[in-house]
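Novice: For what it's worth, full-length UniProt numbering labels the leading residue of the sequence shown as 1, then goes sequentially.
Even glycine gets a Cβ: it sits at the ideal position worked out from N, Cα and C.
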Amino acid sequence: MTNNPTYHDSLITITADEIVFADYYFPRHTTKTVPLADIACITVCEPTIWNGKWRLHGTGNIKTWFPADYDRPRRDKIFIADLTTQWINIGFTVEDSAQVEAIFRQLGLIKG
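(1) What number of angstroms, rounded off, separates the C-alpha of residue 46 from the C-alpha of residue 77?
(2) Would you mind working out which of 87, 53, 85, 70 sits nearest residue 79, comparing C-alpha positions?
(3) Assuming residue 21 and residue 103 are in contact, meaning their beta carbons sit under 8 Å apart, how far apart are those beta carbons, in whole angstroms?
(4) Give, in chain order, every unbroken run of the alpha helix (DSSP H) that is at least 4 residues long and sits entirely within the segment 45-85.
(5) From the DSSP output, in three-state form, read off residue 19 for me.
(6) If distances are taken between C-alpha atoms only, which option among 59, 93, 16 comes closest to residue 74?
(7) Would DSSP call residue 12 helix, strand or coil?
(8) Who are residue 35's beta bridge partners in DSSP?
(9) Would you report the Cα separation of residue 106 and residue 59, rounded to the nearest angstrom?
(10) Under a three-way DSSP split, which group does residue 103 fall into?
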């Protein structure tokens, strides 16, 4: 990372340039770094069984991959990042959804 974090928790780190997803890959639980420039938009959802509330790691619909978060069923928001560089979206949760949503809105990434 080239910048100090704008936001950091045990699940993601957001800087001015990128998002780093912890525990992204299975089974090695290594990170994935996505430049903010590669994100077309981010959708914020209320967690339901249909959009990943119970998806602890991996994919349930082939289109969206979730990094590991074993507390996801207790989170209040699910974020879906639509990337310009790959077909698969990234679904993720964070520890402070209000702060992260405000950051994404400020960056103009929130859809809707």
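Specialist: This is what the structure holds:
(1) Those two C-alpha atoms are separated by around 5 Å.
(2) The shortest Cα separation from residue 79 among 87, 53, 85, 70 belongs to 53.
(3) Contact doesn't hold; Cβ gap of about 15 Å is too wide.
(4) If we require 4 residues or more, the segment 45-85 turns out to have no alpha helix (DSSP H) run fully inside it.
(5) strand
(6) The option with the nearest alpha carbon to residue 74 is 93.
(7) strand
(8) 18
(9) Their backbone Cα atoms lie some 29 Å apart in a straight line.
(10) helix
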